[in-house]
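S.K.: Numbering (the working numbering), first residue to last: 89 to 397.
The C-beta atom is built at its ideal place from N, Cα and C for all residues, glycine as well.
Keep in mind that this is a model prediction, so the values were computed, not measured.
Supplied in structure tokens, the structure appears directly below.
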């Protein structure tokens, strides 16, 4: 059996992180260092209760880190929700071969872990719409074009992606997590195969893992920007399908503005793709809230096919 795609090539422990941070940033040497989680691409540590240091776990994650370092400082100034700003840039060295970065902590709880009901999700709709409208309207200046790639993983390369989605749905059914994948496959088949757009700045991995909410459930920040790229707004609009109930979707679109039909259907496709991947990942890594939320997103999509109103 092959290793899962999120298997770390380098997984640092606290002592290794403390040593690397202290060697390159003497001003931080006396601060506490605590584990702060990991994902597909990075291992994170909280330093002095103020800074989050992220270290790539895989070679493929290195350009994602480089994109964040180059693009986030300028982008933060135009967005209505907080995003991480790299303040400490670590360089490759003999003990760790890749760049790493320390960001000011963006406070909040991931929406996936906040136990939000439908009413609370609907209250997130307008802030999320304003955030995505500002992001998607960002001018693609020469500097930003140089800092961000075109979609590097082919999110809408249907010949490759659809079989991968099918395998993940089959895994969920085999594990008893999903009753039937037939309706999801039918929705995938309804997705237009027209070329995706490449004219919009998109977060690239937007869902409840990466939207932080306050104690009242209101969005306050968006994290994990390694997948930032120039691509199709459908990639970010997938969250509208998977996270928001019908009333929330209607409010989102009222604030965000009109979405062309082909973009809307690609967003639904992307929501199925992402939710299937997160459900499998959460199940295999013991992240029950991620699995629960991803399966709920698939159920929400199947339940009403996410109509616009």
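With distances taken Cα to Cα, identify the nearest neighbour of residue 130 among 138, 308, 139 and 143.
M.R.: Ranking the options by Cα distance to residue 130, first place goes to 143.
S.K.: How far does the alpha helix (DSSP H) with residue 362 in it extend, from its first residue to its last?
M.R.: 349-373
S.K.: In whole angstroms, give me the CA-to-CA distance for residue 323 and residue 261.
M.R.: 25 Å
S.K.: Return the chain-ordered list of same chain residues with a C-beta closer than 7 Å to the C-beta of residue 382, the five sequence neighbours on each side being excluded.
M.R.: 363, 366, 367 and 370
S.K.: Taking the straight line between their C-alpha atoms, what separation do you get for residue 317 and residue 153?
M.R.: 12 Å
S.K.: Ends of the beta strand (DSSP E) at residue 110?
M.R.: No beta strand (DSSP E) holds residue 110; the alpha helix (DSSP H) holding it covers 102-112.
S.K.: Check the DSSP bridge columns for residue 177 and list the partner residues they point to.
M.R.: 189
S.K.: How far does the alpha helix (DSSP H) with residue 255 in it extend, from its first residue to its last?
M.R.: 246-262
S.K.: Hey, is residue 355's beta-carbon within less than 8 Å of any beta-carbon in chain C?
M.R.: Absent from the structure is chain C; it holds one protein chain and no more.
S.K.: Counting C-beta neighbours from all protein chains within 10 Å, is the total for residue 248 16 or more, i.e. buried, or is it exposed?
M.R.: exposed
S.K.: Taking 8 Å as the limit between beta carbons, can you name the residues of its chain near residue 110, skipping five residues before and five after?
M.R.: 116 and 117
S.K.: Do residue 340 and residue 216 have their C-beta atoms closer together than 8 Å?
M.R.: Contact flag set, yes.
S.K.: Here's the rule: buried if 16 or more other CB atoms are within 10 angstroms of the residue's CB, otherwise exposed. What is residue 229?
M.R.: Per the 10 Å Cβ criterion, exposed.
S.K.: If I follow the unbroken alpha helix (DSSP H) through residue 224, where does it start and stop?
M.R.: 206-224
S.K.: Going along the chain, which residues of its own chain have a beta-carbon closer than 8 Å to the beta-carbon of residue 351, five neighbours each way excluded?
M.R.: Counting only Cβ-Cβ distances below 8 Å, and skipping sequence neighbours, we find 285, 320, 321, 322 and 325.
S.K.: State whether the stretch 187-199 contacts the stretch 153-170, with contact taken as three or more CB pairs (one from each stretch) at a distance under 8 Å.
M.R.: yes
S.K.: Does the Cβ-Cβ distance between residue 121 and residue 140 come in under 8 Å?
M.R.: Their beta carbons are not under 8 Å apart, which means residue 121 does not touch residue 140 by this criterion.
S.K.: Kindly list the residues whose CB is nearer than 6 Å to the CB of residue 164, restricted to its own chain and excluding five residues on each side of it in sequence; keep chain order.
M.R.: 171 and 173
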